[in-house]
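S.K.: Numbering (our numbering), first residue to last: 363 to 944. No residue lacks a Cβ here, since even glycine has one placed at the ideal position from N, Cα and C. Fair warning: this is a prediction, and the values are worked out from it, not measured in the lab. Can you keep this structure in mind? I'll have questions shortly.
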């Protein structure tokens with residue numbers, strides 16, 4: 363019996379006939395099953411789950427197809443994990459699973475046609491790896507394991523029937539079978555794997571990969587359907603996700619720096635200059651590089667947006683003179699900012715929102731990103747984007763200059779580690795705060811602005827990811843020549859923060875928990891879950907998480923994390939500062 367309890371979920375008449383993990387059968391009235399259920403992001407409705415339409419813009423059709431895609435990956439991994447133990451691996455299937463997981467991250471792919479195609483492709487991958495596994499069993503003289511339900515999944519012939527299949531394996535159904543606690547912990551693992559897969563995909567694009575990472579993804583997905591779930595078992599698996607995600611972030615760090623050099627402290631203009639314009643959002647540096655090369659000499663200025671801001675600190679990218687600066691802020695403001703931007707827009711990864719009519723004809727997607735009726739750049743040819751930029755008015759005047767400084771990756775910070783250590787020893791620096799993570803539209807995120815503003819003058823703020831837009835244009839000054847605000851990069855550059863913290867801990871003969879360092883993290887989507895699991899894997903305690911705790915963590919599961927790691931929600935700036943500064 364698979365651990366998600368879906369072996370015998372059968373549509374019939376007006377009810378679902380469901381056989382749970384204990385073998386008990388019961389009927390569930392279809393009318394009482396929610397049209398969709400998703401609680402994978404921080405903004406989930408009422409802090410419990412989106413049931414009719416996702417706050418992110420996901421509709422029930424998209425939700426069901428994404429659920430089916432994840433379900434199908436579990437069927438692929440059932441066979442891939444077993445095949446690997448017999449010495450058989452198919453790299454194309456490894457990559458397909460990574461892309462499928464990344465595709466289901468919040469605000470990546472909301473195009474039902476593309477999602478349905480991926481579901482059907484994943485079933486084909488399952489058939490191929492099953493044949494490889496069975497052949498290996500025959501060759502080795504071993505008996506093949508009986509398949510679990512996801513390994514038997516056959517996509518229905520029509521969209522309507524597919525959606526019915528999606529309803530049958532939804533989180534709502536699984537919660538009825540396994541209970542809220544175990545289902546929530548299964549989702550912690552799944553969401554961590556999604557974030558890990560996103561970083562692995564970024565590294566793959568730049569030519570870096572590790573077969574052990576693929577093997578673990580298959581092992582973890584297989585465990586979710588083949589191993590009877592327990593709280594301890596799922597928490598242990600989640601910590602392993604964190605461990606492997608650390609390896610993946612190191613891969614991506616090496617991929618980025620290997621391709622474009624180490625980020626270096628760089629002044630970046632954050633106001634527009636006169637001329638035709640293209641705005642690039644997301645995380646994919648390779649897509650940005652391709653666009654820069656194809657726009658060279660065409661009289662078009664290129665701007666970064668959101669998580670693409672750190673690209674301006676890489677020598678191999680900032681060498682392009684027409685990469686002129688950053689425009690706008692974090693993803694949740696794109697409707698207003700993209701509407702006002704007088705040029706073409708390229709979305710390279712999440713987070714895309716439903717485009718307004720004002721700019722739908724001049725926004726393009728690339729990579730795994732997709733939205734219905736938005737033109738997609740599939741072959742690296744950005745001419746449609748260039749044409750749209752040339753047809754748009756562009757900026758008609760130079761806006762008065764405003765600048766910020768970025769580029770404080772681990773290499774830059776560790777190059778002045780001696781100065782930092784001396785400042786701590788002398789008392790010039792009393793405390794470090796890591797204030798970063800995902801931004802979002804939910805009320806309460808002004809907490810992070812207020813916290814950064816309230817940090818005492820003898821303290822340094824480390825920041826990363828798009829949460830920094832809450833305060834990165836504020837003036838913080840310096841301590842002995844060390845900027846009080848150190849922007850370390852994208853969300854995956856949490857790896858830089860980890861490396862800096864580890865180096866400081868080593869210098870002071872302690873562990874990270876013994877440093878004058880407090881971590882206050884904002885979260886929104888599944889990459890943040892992967893990073894949090896990495897920090898917990900490293901044994902880091904006393905993390906504050908906000909603006910709200912994940913809906914998929916039940917009180918019982920959260921209680922275990924509190925006991926082990928003293929993880930806690932943000933409260934008020936005054937109370938949290940007092941507690942962190944002792």
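From residue 514 to residue 437, what does the alpha carbon distance come to, in whole angstroms?
M.R.: Going from the Cα of residue 514 to the Cα of residue 437 covers about 7 Å.
S.K.: Would you report the Cα separation of residue 927 and residue 814, rounded to the nearest angstrom?
M.R.: Taking the straight line joining both Cα atoms gives about 24 Å.
S.K.: For the alpha helix (DSSP H) that residue 447 lies in, which residues bound it at each end?
M.R.: First-last of the alpha helix (DSSP H) with residue 447: 422 to 447.
S.K.: Please classify residue 484 as buried or exposed, where buried requires at least 16 neighbouring CB atoms within 10 angstroms.
M.R.: Under this definition residue 484 is a buried residue.
S.K.: How many Å lie between residue 538 and residue 609 at the Cα?
M.R.: Taking the straight line joining both Cα atoms gives about 35 Å.
S.K.: Going by DSSP, which residues form a beta bridge with residue 501?
M.R.: In the DSSP output, where bridge partners are listed per residue, residue 501 has none listed.
S.K.: Does DSSP put residue 842 in a helix, a strand or coil?
M.R.: If DSSP states are grouped into helix, strand and coil, residue 842 belongs with coil.
S.K.: Could you give the DSSP three-state label for residue 836: helix, strand or coil?
M.R.: Note: residue 836 maps to coil in three-state DSSP.
S.K.: Assuming residue 704 contacts residue 750 (C-beta within less than 8 Å), just tell me the rounded distance between them.
M.R.: Residue 704 to residue 750, Cβ: 11 Å. No contact.
S.K.: If you draw a straight line from the C-alpha of residue 650 to the C-alpha of residue 761, how long is it?
M.R.: Residue 650 and residue 761: Cα-Cα distance of roughly 24 Å.
S.K.: Could you round the C-beta distance between residue 886 and residue 800 to whole angstroms and report it? I think they count as a contact, below 8 Å.
M.R.: Residue 886 to residue 800, Cβ: 3 Å. Contact.
S.K.: Roughly how many angstroms lie between the CA atoms of residue 730 and residue 921, to the nearest whole one?
M.R.: One C-alpha to the other measures close to 36 Å.
S.K.: With 16 as the cutoff for other CB atoms within 10 Å, does residue 622 come out buried or exposed?
M.R.: Residue 622 is buried by the Cβ-count criterion.
S.K.: Based on the DSSP output, what are the partners of residue 687 in its beta bridges?
M.R.: Answer is 665.
S.K.: So if DSSP puts residue 637 in a beta bridge, which residue, or which two residues, is it bridged to?
M.R.: According to DSSP, residue 637 bridges with 757.
S.K.: Is the segment 852 to 868 close to the segment 528 to 537, with three or more CB pairs under 8 Å?
M.R.: Touching, no.
S.K.: What did DSSP end up calling residue 709 once you bin it into helix, strand or coil?
M.R.: Strand, per DSSP.
S.K.: Cβ of residue 419 within 7 Å of Cβ of residue 898?
M.R.: In this structure, residue 898 does not lie closer than 7 Å to residue 419 by Cβ.
S.K.: Would you kindly work out how many angstroms separate the C-alpha atoms of residue 667 and residue 482, rounded to a whole number?
M.R.: Looking at the two C-alpha atoms, the distance is approximately 34 Å.
S.K.: Between 571, 941, 618, which lies nearest to residue 773 when the distance is taken from Cα to Cα?
M.R.: Nearest C-alpha to residue 773: 618.
S.K.: From residue 716 to residue 802, what distance separates their C-alpha atoms?
M.R.: Using only the alpha carbons, I get a separation of about 15 Å.
S.K.: For residue 809 and residue 798, I'd like the C-alpha separation in whole angstroms.
M.R.: About 12 Å.
S.K.: When we look at the beta-carbon of residue 944 and count the other beta-carbons within 10 Å, is it buried (16 or more) or exposed?
M.R.: Classification for residue 944: exposed.
S.K.: When DSSP labels each residue in this structure, what does residue 858 get in the three-state scheme?
M.R.: Helix at residue 858.
S.K.: Buried or exposed for residue 411, going by 16 or more other Cβ atoms inside 10 Å?
M.R.: Burial call: buried.
S.K.: Per the DSSP calculation, residue 726 is bridged to which residue(s)?
M.R.: According to DSSP, which records beta bridges pairwise, residue 726 is partnered with 708, 737.
S.K.: Beta-carbon separation of residue 918 and residue 554 under 7 Å?
M.R.: Taking 7 Å as the Cβ cut-off, residue 918 and residue 554 do not qualify as a contacting pair.
S.K.: Got a sec, what are the start and stop residues for the alpha helix (DSSP H) residue 416 sits in?
M.R.: From DSSP, residue 416 is part of no alpha helix (DSSP H); its letter is neither H nor E.
S.K.: Kindly indicate the opening and closing residues of the alpha helix (DSSP H) around residue 453.
M.R.: First-last of the alpha helix (DSSP H) with residue 453: 453 to 465.
S.K.: Buried or exposed: which applies to residue 408, given that a residue is buried once 16 or more other Cβ atoms fall within 10 Å of its Cβ?
M.R.: Burial call: exposed.
S.K.: So, using beta-carbon positions, are residue 597 and residue 551 closer together than 7 Å?
M.R.: No.
S.K.: Do you know offhand how far residue 415's Cα is from residue 740's?
M.R.: Each residue's alpha carbon lies about 29 Å from the other.
S.K.: Please report the distance separating the alpha-carbon of residue 570 from that of residue 672.
M.R.: The alpha-carbon atoms of residue 570 and residue 672 are separated by roughly 20 Å.
S.K.: Going by other Cβ atoms of all chains shown within 10 Å of its Cβ, with 16 needed for buried, is residue 924 buried or exposed?
M.R.: Exposed, since its Cβ has fewer than 16 Cβ neighbours within 10 Å.
S.K.: Ignore the nearest five residues each way along the sequence and tell me which others in residue 755's own chain have a CB closer than 7 Å to its CB.
M.R.: Closer than 7 Å at Cβ, skipping near neighbours: 704.
S.K.: Taking residue 807 as part of the beta strand (DSSP E), name the residues at either end of that continuous run.
M.R.: Run containing residue 807: none; DSSP gives neither H nor E here.
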